[in-house]
Amino acid sequence: MIPSDAKIYIAGHRGLVGSAIVRQLRGRGFHNLLTRTHGELDLTDQAATRAFFHDQRPEYVILAAAKVGGIHANDTYPAEFIYQNMMIEANVIDAAWRNGVRRLLFLGSTCIYPKAVAQPMHEDALLTGVLEPTNEPYALAKIAGIKLCESYNRQYGTDYRSVMPTNLYGVNDNFHPENSHVIPALMRRFHEAKLNREPEVVVWGTGNAMREFLYVDDMAAASLFVLELDPEIYRANTRPMLSHINVGTGIDVTIREMAETMRRVVGFEGELRFDHDKPDGAPRKLIDVSRLSAMGWCYNVGLEEGLRRTYQWFCEQY
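Just so we're aligned, residue 1 is where the sequence shown starts under full-length UniProt numbering, counting upward by one.
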């Protein structure tokens with residue numbers, strides 16, 4: 001177990017996952033947490049990142065900082081997605097090694113897996129096929145993050161770990177109408193349609209694509225579970241150059257089913273219309289969570305309950 005007074009740096013502490021991790025750490029009595037906003041520390045700046053690690057000397061690092069977005073954002077800003085994410089990962093992981101960080105946890109994404117891959121996606125599927133074109137730059141950056149961790153472990157004997165969450169949602173999500181992921185984008189659309197008494201809400205794609213969704217507080221709990229695993233247990237359940245661990249529910253639904261649940265939670269009484277001219281993305285994204293389950297972790301919050309919690313927070317904020 002990590003001592004409650006350990007110095008822990010959470011990179012990306014104001015984001016969806018980072019903020020949930022901070023809440024969980026504080027709730028469990030950790031009080032020596034390091035955080036920096038982007039304005040205070042630009043992690044794409046190698047010199048600034050190295051200086052921060054040299055001055056602050058964190059013992060543990062949770063790398064949740066990333067440039068993220070939905071299909072539209074990934075397709076519109078591919079250069080930003082690959083460049084910024086690769087720079088952040090390289091700078092933080094290298095600075096952690098240079099300054100003696102005891103353990104690091106890297107947060108990736110299940111978009112690392114090929115588009116045409118057997119479902120559910122097991123960790124072994126990494127690098128076995130072509131990626132989904134709409135988010136290939138982001139996926140490549142996340143694969144690079146995994147391989148950075150593994151390569152430093154292999155060459156320097158570090159203890160750097162990687163978790164690959166499925167589609168996340170919850171408190172502190174990004175509800176931008178164009179640059180957000182499917183749940184926050186739809187939630188805002190349903191909410192505004194309810195307020196304006198609109199007759200319908202348009203949903204991108206056919207509604208047939210299948211997705212797995214994980215409430216962000218569950219992701220935070222899983223992250224700390226993996227971070228605190230005894231090194232022998234972690235190594236026994238992974239391989240040196242295939243060390244990442246999937247995090248999810250192991251259950252998926254169609255976008256149509258998710259939208260119907262969302263309509264019920266928000267209380268929108270109009271119709272759903274699916275825009276077949278918009279992309280579906282990958283036809284299915286369900287991950288195999290047997291590796292994490294075997295180590296003793298399981299999700300806690302189901303989709304409808306997670307949507308209710310998220311919508312309550314959204315209404316309070318917006």
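For every residue, glycine included, the Cβ atom is placed at its ideal position computed from N, Cα and C.
Going by DSSP, what residue range makes up the beta strand (DSSP E) through Ala220?
No beta strand (DSSP E) contains Ala220, which is instead part of the alpha helix (DSSP H) from 216-228.
Drop a sphere of 10 angstroms on the beta-carbon of Ser290, count the other beta-carbons inside from all chains shown, and report buried for 16 or more, exposed for fewer.
A residue is called buried once 16 or more other Cβ atoms fall within 10 Å of its Cβ, and Ser290, having fewer, is exposed.
My parser needs the alpha helix (DSSP H) runs of 4 or more residues fully inside the stretch 9-95; what are they?
Those alpha helix (DSSP H) runs which fall completely within the stretch 9-95 and span 4+ residues are 16-27, 46-56, 71-76.
Need the endpoints of the beta strand (DSSP E) that Phe190 sits in, please.
Element bounds for Phe190: not the beta strand (DSSP E) but the alpha helix (DSSP H), 182-195.
For Ile146, count neighbouring C-beta atoms within 10 Å of its own C-beta (all shown protein chains included) and say buried if the count is 16 or more, exposed if not.
That one is buried.
For Glu92 versus Val163, is the C-beta distance shorter than 9 Å?
Checking the sequence, you will find Val at residue 92 rather than Glu. Not in contact: Val92 and Val163 (Cβ atoms no closer than 9 Å).
Tell me, please, which residues DSSP counts as bridged to Ser4.
According to DSSP, Ser4 bridges with nothing at all.
Kindly provide the ranges of any beta strand (DSSP E) runs that are 3 or more residues long and lie completely inside the stretch 223-303, ordered along the chain.
Taking only runs of at least 3 residues, the beta strand (DSSP E) segments lying wholly in the stretch 223-303 are 245-247, 271-275.
Look at Ile62 and Leu105 and say whether their C-beta atoms are less than 9 Å apart.
Yes, the pair counts as a contact, with Cβ atoms nearer than the cut-off.
Touch check for the stretch 119-133 and the stretch 170-185: three-plus C-beta pairs under 8 Å?
No, they do not touch.
Sequence-distant residues of its chain with Cβ nearer than 6 Å to Thr238 (five each side left out):
If we look at Thr238 and ignore the five residues flanking it on each side, it has no Cβ neighbours.
Count the C-beta pairs between the stretch 69-86 and the stretch 129-147 that are closer than 8 Å, then say yes if the count reaches three, no if not.
In short, these stretches touch, since the Cβ pair count reaches three.
Check each candidate in Tyr160, Ala259, Asp280, Lys278 and name the one with the smallest Cα separation from residue 319.
The structure shown does not extend to residue 319, since the chain is modelled only from 1 to 318, so the question has no answer here.
Following the continuous beta strand (DSSP E) through Leu148, name the residue where it begins and the one where it ends.
Unbroken run through Leu148 is the alpha helix (DSSP H), 136-156; no beta strand (DSSP E).
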